[in-house]
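Protein chains in written order, with the working numbering: chain A, 1 to 212; chain B, 213 to 222. Note that CB positions come from ideal geometry on N, CA and C, so glycine has one too. Below is one structure, written out as structure tokens, with a few remarks after it.
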Amino acid sequence: MNVFRLSGDVSHLLAILILLMKIWKTRSCAGISGKSQILFALVYTTRYLDLFTSFISPYNTAMKVFFIASSYATIYLIYLKFKATYDRNHDTFRMEFLVLPVLVLAFVVNHDFTPLEILWTFSIYLESVAILPQLFMVSKTGQAETITSHYLFALGMYRALYIVNWVYRYYFEGFYDLIAIIAGVVQTVLYCDFFYLYVTKVLKGKQLTLPA
Amino acid sequence: ELEPLDKDEL
Numbered sequence: 001m002n003v004f005r006l007s008g009d010v011s012h013l014l015a016i017l018i019l020l021m022k023i024w025k026t027r028s029c030a031g032i033s034g035k036s037q038i039l040f041a042l043v044y045t046t047r048y049l050d051l052f053t054s055f056i057s058p059y060n061t062a063m064k065v066f067f068i069a070s071s072y073a074t075i076y077l078i079y080l081k082f083k084a085t086y087d088r089n090h091d092t093f094r095m096e097f098l099v100l101p102v103l104v105l106a107f108v109v110n111h112d113f114t115p116l117e118i119l120w121t122f123s124i125y126l127e128s129v130a131i132l133p134q135l136f137m138v139s140k141t142g143q144a145e146t147i148t149s150h151y152l153f154a155l156g157m158y159r160a161l162y163i164v165n166w167v168y169r170y171y172f173e174g175f176y177d178l179i180a181i182i183a184g185v186v187q188t189v190l191y192c193d194f195f196y197l198y199v200t201k202v203l204k205g206k207q208l209t210l211p212a
Numbered sequence: 213e214l215e216p217l218d219k220d221e222l
């Protein structure tokens, strides 16, 4: 565990807490893509099945359990508790366009052809594109609430910090995992346009709006 | 290196 990895985890944790707080405090999930949240729940469920097969550390177990539990709690808030505020007309990205190609890729490009390893690979690939329904929704409505922008920024920074962690681990530990690295770079690149808007608008006190 | 099923990173 190095400082970049830890910062990445903290950023990820912060993103989830910002999202839950936003929905809970405003009693509304307006502007949030339920589809991205379903994809994230699928990501954590398929990745953390090793909770049943191996124990690494209390930290590792606690974080995995938190990510799984919070993803289902978010889905509950969007689709049940505050479903009247869910903006389904703007959440029109087709999940199967992401899940099916990613599933095929996980069967073809993986470290080991075993069920758990294929599911882990699937979750790494799926995570890299899981934010697309949310970004699609923002581009469709042309705007995002400031709190939603903070959520997206923290979520984007998490994988960006993991990349720095992988560079560090490559140099100091000789460890690298090409599947995680390539997927992590794809994931971070998808946020670049948003990062630009965040820095040029949100950090200057303006709401995030896209040119028409 | 980590074993394939021993995933420390999240």
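Interface partners of M157/A on chain B, CB under 8 Å: Counting from one through the first sequence, the residue named residue 157/A turns up at place 157. None at all; the shortest Cβ gap to chain B is about 14 Å.
Burial state of R5/A (16 or more Cβ within 10 Å): Here residue 5/A is taken as the residue at index 5 of the first sequence, counted from 1. When all chains shown are included, R5/A counts as buried.
Reduced DSSP category for L116/A - H, G, I as helix; E, B as strand; rest coil: In the first sequence, counting from the first residue as 1, residue 116/A sits at position 116. Looking at L116/A - three-state DSSP - the assignment turns out to be helix.
DSSP three-state assignment for A73/A, whether helix, strand or coil: Position 73 of the first sequence, counting from 1, holds the residue named residue 73/A. Looking at A73/A - three-state DSSP - the assignment turns out to be helix.
Within 9 Å, strictly: CB atoms of I32/A and D87/A: The count along the first sequence starts at 1 and reaches residue 32/A at position 32. The count along the first sequence starts at 1 and reaches residue 87/A at position 87. Contact: yes.
Sub-9 Å separation of T146/A and V189/A beta-carbons: Within the first sequence, the letter at position 146 stands for residue 146/A. Within the first sequence, the letter at position 189 stands for residue 189/A. No. Outside cutoff.
Supposed close pair E127/A, Q187/A - CB separation, criterion 8 Å: Here residue 127/A refers to the residue found at position 127 of the first sequence. Here residue 187/A refers to the residue found at position 187 of the first sequence. Contact holds; Cβ gap of about 6 Å.
Status (buried if at least 16 other CB within 10 Å, exposed otherwise) for Y198/A: In the first sequence, the residue the question calls residue 198/A occupies position 198. With 16 or more other Cβ atoms within 10 Å, it is buried.
Endpoints, alpha helix (DSSP H) assigned at F82/A: For the purposes of this step, residue 82/A is taken as residue 82 along the first sequence, with counting starting at 1. Here F82/A belongs to no alpha helix (DSSP H), and DSSP marks it neither H nor E.
C-alpha gap between G156/A and A30/A, whole angstroms: In the first sequence, the residue the question calls residue 156/A occupies position 156. In the first sequence, the residue the question calls residue 30/A occupies position 30. Near 20 Å, if we compare the C-alpha coordinates of A30/A and G156/A.
Neighbour flag for M21/A against chain B, beta carbons, 9 Å: Locating residue 21/A in the first sequence gives position 21, counting from the first residue. Not an interface residue.
N- and C-terminal bounds of the alpha helix (DSSP H) containing D9/A: Along the first sequence, read from residue 1 onward, the residue named residue 9/A stands at position 9. 3–26 is the extent of the alpha helix (DSSP H) around D9/A.
Cβ-based burial, G174/A [other Cβ within 10 Å; buried from 16]: Your numbering for residue 174/A matches position 174 in the first sequence. Label assigned to G174/A: exposed.
DSSP bridge partner residues for A144/A (one or two, in chain order): Residue 144/A sits at position 144 when you count from the first residue of the first sequence. Bridge partners of A144/A: L208/A.
Test item: CB-CB of W166/A and G142/A under 9 Å: Position 166 of the first sequence, counted from the first residue, corresponds to residue 166/A. Position 142 of the first sequence, counted from the first residue, corresponds to residue 142/A. Cβ atoms of W166/A and G142/A: not closer than 9 Å.
Segment contact flag, the segment 64–72 of chain A with the segment 39–54 of chain A, C-beta cutoff 8 Å, min 3 pairs: yes
Counted within 10 angstroms of its Cβ, other Cβ atoms place Y196/A as buried (16 or more) or exposed: Taking the first residue of the first sequence as position 1, residue 196/A is located at position 196. Exposed: under 16 other Cβ atoms inside 10 Å.
Distance, L51/A Cα to M63/A Cα: Sequence index remark: in the first sequence, residue 63/A carries index 63 (1-based). Sequence index remark: in the first sequence, residue 51/A carries index 51 (1-based). Between the alpha carbons of M63/A and L51/A lies a distance of about 11 Å.
G34/A versus A73/A: straight-line alpha-carbon distance, rounded: Counted from its first residue, the first sequence places residue 34/A at position 34. Counted from its first residue, the first sequence places residue 73/A at position 73. Computed Cα separation, rounded: 12 Å.
Neighbouring residues, chain B, relative to N60/A (Cβ below 7 Å): Here residue 60/A refers to the residue found at position 60 of the first sequence. D220, listed in chain order.
Neighbourhood of M1/A by C-beta, 7 Å cutoff - its chain only, sequence neighbours within 5 removed: On the first sequence, residue 1/A is found 1 positions in, with the first residue counted as 1. Hits under 7 Å: none found.
Pair within 9 Å by beta-carbon distance, H12/A and A154/A: Counting from 1 along the first sequence, the entry for residue 12/A is found at position 12. Counting from 1 along the first sequence, the entry for residue 154/A is found at position 154. Closer than 9 Å, so yes.
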